[in-house]
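Below is one structure, written out as structure tokens; comments come after it.
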Amino acid sequence: MVCTFPNSKTLNDDFCMTVRAGLVKVFFALSNLPDFISH
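Written as structure tokens, this is what we have:
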């Protein structure tokens, strides 16, 4: 995943890592959802 914004690179990296971490959490939550439903 690549983020391109006109802001400073440091802000870009922090923002991208935050978004990436959020997406990973959402992805794992969705992938684990069927297990919770079936049990």
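Residues 22 to 60 in our numbering are what the sequence shown spells out, letter by letter.
Backbone N, C-alpha and C define an ideal beta-carbon position, used for all residues, glycine too.
| Check | Outcome |
| --- | --- |
| Residue 51 versus residue 36 - alpha carbon distance | 23 Å |
| Euclidean distance between Cα positions of residue 48 and residue 38 | 15 Å |
| Span separating the alpha-carbon of residue 55 from that of residue 46 | 15 Å |
| Alpha-carbon spacing of residue 42 relative to residue 53, whole angstroms | 17 Å |
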